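For the sequence shown, the positions run 46 to 509 when our numbering is used. One structure below.
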Amino acid sequence: MTTTSGGTTRLHDQMSGSVLGPADPTYDEARKVWNAGIDRRPAAIAQCHTEQDVQAAVTYAIQEGLEIAVRGGAHSMSGASAVDGGLVIDLSRLNQVTVDPAAKRARVGGGALLGDLDAATQEFGLAAPAGLVSHTGVGGLTLGGGMGWLTRRAGLSIDNLVSVRVVTADGQARRAAEDENPDLFWAIRGGGGNFGVVTEFEFRLHAVGPMVTFGLLFWKLDDGPELLRLARETMATLPMDVNIIIAGLNAPPAPFVPEQMQGQPGYALLVVGFEAVESHAAVVSRLRDQLAPAFEFVTPMPFVALQQLLDEANAWGFHAYDKGCYVDDLSDGVVAAVVEQLPKKSSPMSIVLFYPLNGAYCEVAEDATAFSGGRTSRFGVFIIAVSPTPELLQTERVWVRETYDALRPFATGAEAYVNGLTDFDDAIVHSAYGSKYRRLSEIKTTYDPANVFHRNANIKPHGT
46 MTTTSGGTTR
56 LHDQMSGSVL
66 GPADPTYDEA
76 RKVWNAGIDR
86 RPAAIAQCHT
96 EQDVQAAVTY
106 AIQEGLEIAV
116 RGGAHSMSGA
126 SAVDGGLVID
136 LSRLNQVTVD
146 PAAKRARVGG
156 GALLGDLDAA
166 TQEFGLAAPA
176 GLVSHTGVGG
186 LTLGGGMGWL
196 TRRAGLSIDN
206 LVSVRVVTAD
216 GQARRAAEDE
226 NPDLFWAIRG
236 GGGNFGVVTE
246 FEFRLHAVGP
256 MVTFGLLFWK
266 LDDGPELLRL
276 ARETMATLPM
286 DVNIIIAGLN
296 APPAPFVPEQ
306 MQGQPGYALL
316 VVGFEAVESH
326 AAVVSRLRDQ
336 LAPAFEFVTP
346 MPFVALQQLL
356 DEANAWGFHA
366 YDKGCYVDDL
376 SDGVVAAVVE
386 QLPKKSSPMS
396 IVLFYPLNGA
406 YCEVAEDATA
416 FSGGRTSRFG
426 VFIIAVSPTP
436 ELLQTERVWV
446 RETYDALRPF
456 ATGAEAYVNG
466 LTDFDDAIVH
476 SAYGSKYRRL
486 SEIKTTYDPA
496 NVFHRNANIK
506 PHGT
């Protein structure tokens with residue numbers, strides 16, 4: 046174990062994990078986060094190995110008046126998992142995953158990555174609905190909602206959450222579930238990291254894989270209007286064992302991409318079949334026949350590989366910024382806005398994604414969880430700037446904001462997906478949660494009256 050030179054001996058003595066400070070040789074590596082645009086220097090980093098370590102770290106930070114940042118996968122676009130001059134509670138050592146295949150349940154440490162979850166559950170042909178990038182942290186993704194390939198089939202990550210263990214601002218470790226601290230359980234399912242540090246998640250699992258069928262069909266920019274209208278028609282009748290994510294992107298420099306198309310901007314439909322190969326083939330054939338793509342790539346692949354498909358494009362060390370919204374449909378207005386804005390991006394790594402949210406997503410009642418989005422059929426839109434340099438990111442930020450502004454007239458209400466927020470303005474957070482905000486604020490008052498956990502889409506205690 047390591048002791049910092051900044052007076053954290055007491056915390057060191059109470060933890061089984063390490064406490065790093067600026068004088069430690071591994072400090073600079075330990076403070077790095079996924080978004081290279083974030084460069085913060087905490088007073089100390091508590092590398093927690095146990096729930097008791099988390100309790101000790103929370104208590105110490107409060108006693109010393111240190112601002113807390115909670116780090117799981119360190120993927121927070123806004124840098125919420127880093128802090129200047131405060132204490133980072135690093136959960137990355139709490140990454141164990143235990144699967145009960147008979148009960149179709151998984152217990153997942155608060156610092157586990159999606160890749161840890163996928164690898165453990167796929168040993169039994171099971172999966173929990175999660176995101177698309179395997180080095181994302183389970184914790185941050187889940188607490189905001191958690192959407193990805195399985196959302197149509199099985200709902201959000203929070204819809205499959207059975208219980209959590211959470212260390213609240215008084216340093217107490219609590220279990221939250223429908224039968225214990227149900228108010229806290231409701232709030233944690235969508236309320237982000239506002240209510241404490243989750244040290245363990247218990248998920249309901251679903252039979253998935255181990256093999257799926259993947260298809261990438263790519264069209265040039267000029268085909269955008271026709272392709273997006275075709276996507277709209279296809280999504281309306283899409284079978285439940287197939288999912289499609291719509292992307293505006295540059296063709297990757299992959300072996301299956303014709304050399305002359307590599308790096309070219311355009312549109313892609315990422316088509317995944319989870320059951321019958323014939324069902325997937327019928328969807329791909331319909332798309333191909335109605336509008337011939339510039340190229341396509343169709344292949345069986347392990348579900349684990351599907352979950353890692355976007356890892357390289359979202360690797361650590363790039364500068365990133367994003368905004369997002371919900372839209373009811375790929376209306377003519379949405380199509381026109383995307384077609385106008387996509388060619389204006391400067392970085393070949395930047396992307397626009399449309400996640401379909403229907404099926405099982407819509408089977409959960411609006412008020413069953415604190416999720417910051419309505420449960421009617423819709424698309425989640427992600428406008429993501431990714432740049433190798435900070436200079437280029439400045440240009441891409443403008444592109445993200447202008448694309449967001451172009452889509453706002455067609456957005457569903459004032460809602461926003463909190464996992465897609467980079468700017469945590471109070472008004473944006475209020476509008477994201479809408480009528481749920483007051484209930485969340487009251488629960489915040491119960492479990493975190495001093496707003497200790499505020500490096501997030503912050504819900505303030507009632508009356509503040």
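Cβ coordinates follow ideal geometry from the N, Cα and C atoms, glycine included. None of the values given here were measured: they were computed from a predicted structure.
Tell me which same chain residues have a C-beta within less than 6 angstroms of the C-beta of residue i, skipping the five on either side of it?
i: A89; result: T49, T53, V64, G66, L132
i: W444; result: K389, K390
i: G238; result: V115, L188, F498, N501
Can a CB atom of chain B be found closer than 8 angstroms to the CB of residue i?
i: P347; result: The structure shown contains no chain B; it holds only a single protein chain.
CB-CB under 8 angstroms to residue i, same chain, minus the five flanking residues each way: which ones, in chain order?
i: G191; result: P174, A175, G176, L201, S202, I203, N464
Using a threshold of 8 angstroms, state whether the C-beta atoms of residue i and residue j are closer than that.
i: D210; j: R220; result: The sequence given here places Arg at residue 210; Asp does not occur at that position. Yes, they are a contact pair.
i: G236; j: G184; result: no
i: Q97; j: D135; result: no
i: T434; j: H364; result: yes
i: V379; j: F455; result: yes
i: Y366; j: T440; result: no
i: H507; j: T490; result: yes
i: T511; j: I289; result: Beyond the ends of the chain as shown, which are 46 and 509, falls residue 511; an answer cannot be given.
i: D214; j: A461; result: Note that residue 214 is Ala in the sequence shown here, rather than Asp. Result no, Cβ atoms of A214 and A461 do not sit closer than 8 angstroms.
i: T130; j: P87; result: Looking at the sequence itself, residue 130 is Gly, so the reference to Thr does not match. Their beta carbons are under 8 angstroms apart, which means G130 touches P87 by this criterion.
i: L158; j: N140; result: yes
i: F257; j: G318; result: According to the sequence as given, residue 257 is Val; it is not Phe. Cβ atoms of V257 and G318: closer than 8 angstroms.
i: A125; j: W79; result: no
Determine the DSSP secondary structure at residue i, reduced to helix, strand or coil.
i: V380; result: helix
i: H475; result: helix
i: T71; result: coil
i: M122; result: coil
i: Y566; result: The structure shown does not extend to residue 566, since the chain is modelled only from 46 to 509, so the question has no answer here.
i: P297; result: coil
i: P87; result: coil
i: F319; result: coil
i: Q141; result: coil
i: T244; result: strand
i: R234; result: coil
i: A114; result: strand
i: A502; result: coil
i: M306; result: helix
i: L375; result: coil
Can you list, in chain order, the residues of its chain whose CB lies under 7 angstroms from that of residue i, leaving out five sequence neighbours each side?
i: F340; result: F263, V302, P303, M306
i: V409; result: G200, D204, R420
i: P338; result: L262, F263, W264
i: T104; result: G216
i: A296; result: F263, V302, M306, Q307, G308, Q309, G311
i: T47; result: Caution is warranted here: a pLDDT of 39 is assigned to T47, below 50, making its placement in the model unreliable, and the coordinate value is therefore given only provisionally. Counting only Cβ-Cβ distances below 7 angstroms, and skipping sequence neighbours, we find S63, V64, L65, D69.
What does the Cβ neighbour count give for residue i, buried or exposed, with the cut at 16 atoms within 10 Å?
i: P17; result: Nothing can be reported for residue 17: it is not among the residues displayed for the chain, which extend from 46 to 509.
i: G241; result: buried
i: L56; result: buried
i: V397; result: buried
i: S392; result: buried
i: E530; result: Any question about residue 530 goes unanswered here, given that the chain covers just 46 to 509.
i: T509; result: exposed
i: D161; result: buried
| Continuous beta strand (DSSP E) assignments of at least 3 residues falling wholly in the region 148-194 | 150-154
| For the region 414-489, which segments carrying the alpha helix (DSSP H) assignment without a break, of at least 4 residues, lie completely within its bounds, in sequence order? | 435-452, 471-478
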